[in-house]
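Trainee:
Numbering (my numbering), first residue to last: 2 to 159.
(1) For the beta strand (DSSP E) containing residue 2, list its first residue and its last residue.
(2) Near residue 45, what residues of its chain come up, given a Cβ to Cβ distance below 7 Å and the 5 sequence neighbours on each side ignored?
(3) Which whole-angstrom value is the C-beta distance of residue 117 and residue 100, which I expect to be below 8 Å?
(4) Could you pull the DSSP bridge partners for residue 97 from this structure?
(5) Starting from the Cα of residue 89, find the closest Cα among 70, 103, 125, 38 and give me that residue.
(6) Starting from residue 130 and walking both ways along the beta strand (DSSP E), at which residues does that stretch end?
(7) Can you check which of these residues, 70, 137, 6, is closest to residue 105 by C-alpha distance?
(8) Buried or exposed, going by whether 16 or more other CB atoms sit within 10 Å of the CB of residue 4?
(9) Curious, which full-length beta strand (DSSP E) runs of at least 3 residues does the region 26-94 contain?
(10) Roughly how many angstroms lie between the CA atoms of residue 93 and residue 55, to the nearest whole one?
(11) Using the Cα positions of residue 35 and residue 63, report the straight-line distance between them to the nearest angstrom.
(12) How big is the Cα-Cα spacing for residue 75 and residue 121?
(13) Going along the chain, which residues of its own chain have a beta-carbon closer than 7 Å to the beta-carbon of residue 175, five neighbours each way excluded?
(14) By DSSP's criteria, residue 115 is part of a beta bridge. Which residues make up the other side?
(15) Looking at the secondary structure, which residues open and close the alpha helix (DSSP H) in which residue 160 lies?
(16) Can you grab the Cα-Cα spacing for the pair residue 149 / residue 71, in whole Å?
Shown next, in the form of structure tokens:
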């Protein structure tokens, strides 16, 4: 199913002459990998950023220290800044950003399986949080990757 979504993204973005970039934390580059697994993806995907640590989020994407301190890495505020930073750094048309608690573990406020997403374009940034549940690390990462790809397809459908 991931391959089908990635092919759909490639087709739709190519038809519209748009480029896509990624800013990933908990998925560790899985969205970028899904896109670049498709031959011809260089037409629409030029770069992606894996910013696993808070320092990387700040250095590579311009996430503000104050935002991280106030809300934590797993927050809609942080993914909003990640997406904006990725859009600017890659000079892309669409950016997807992901940060979450893949597990094991988590906390009462940020349980395992909680993942925040942001989708940025010239028209603005939309954020959302999805609680996938304590599915285990691999399953949370796979579910987050799938959801991010769906968000990109939806954005390219409008």
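Glycine included, C-beta positions come from ideal geometry on N, C-alpha and C. These numbers come from a predicted model, not from an experiment.
Mentor: Reading it off the structure:
(1) One-based indexing of the chain shown puts residue 2 at position 1. That residue, residue 2, is in no beta strand (DSSP E); it is neither H nor E in DSSP.
(2) Here residue 45 is taken as the residue at index 44 of the chain shown, counted from 1. So the qualifying residues of the chain are 11, 14, 15, 19, 20, 21.
(3) By one-based count along the chain shown, residue 117 stands at place 116. By one-based count along the chain shown, residue 100 stands at place 99. Right, their Cβ atoms sit about 5 Å apart.
(4) The residue labelled residue 97 in the question sits at position 96 within the chain shown. Answer by DSSP bridge pairing, in chain order: 23, 120.
(5) Sequence index remark: in the chain shown, residue 89 carries index 88 (1-based). The option with the nearest alpha carbon to residue 89 is 125.
(6) Translated into positions along the chain shown, residue 130 becomes position 129. 125-132 is the span of the beta strand (DSSP E), which, as asked, contains residue 130.
(7) Stepping through the chain shown from its first residue, residue 105 is reached at position 104. It is 137.
(8) Within the chain shown, numbered from 1, the residue matching residue 4 stands at position 3. Answer is exposed; the Cβ neighbour count stays below 16.
(9) Taking 3 residues as the minimum length, the beta strand (DSSP E) runs contained wholly in the region 26-94 are 46-51, in order along the chain.
(10) Your numbering for residue 93 matches position 92 in the chain shown. Your numbering for residue 55 matches position 54 in the chain shown. A direct Cα-Cα distance of roughly 23 Å separates residue 93 from residue 55.
(11) To locate residue 35, count along the chain shown from 1; it is residue 34. To locate residue 63, count along the chain shown from 1; it is residue 62. If I take the Cα positions, the gap works out to 25 Å.
(12) Numbered from 1 along the chain shown, position 74 holds the residue referred to as residue 75. Numbered from 1 along the chain shown, position 120 holds the residue referred to as residue 121. If I take the Cα positions, the gap works out to 17 Å.
(13) The structure shown does not extend to residue 175, since the chain spans only 2 to 159, so no value can be given for it.
(14) By 1-based counting over the chain shown, the position of residue 115 is 114. Paired residue(s): 132.
(15) Nothing can be reported for residue 160, as the shown portion of the chain is limited to 2 through 159.
(16) In the chain shown, counting from the first residue as 1, residue 149 sits at position 148. In the chain shown, counting from the first residue as 1, residue 71 sits at position 70. If I take the Cα positions, the gap works out to 25 Å.
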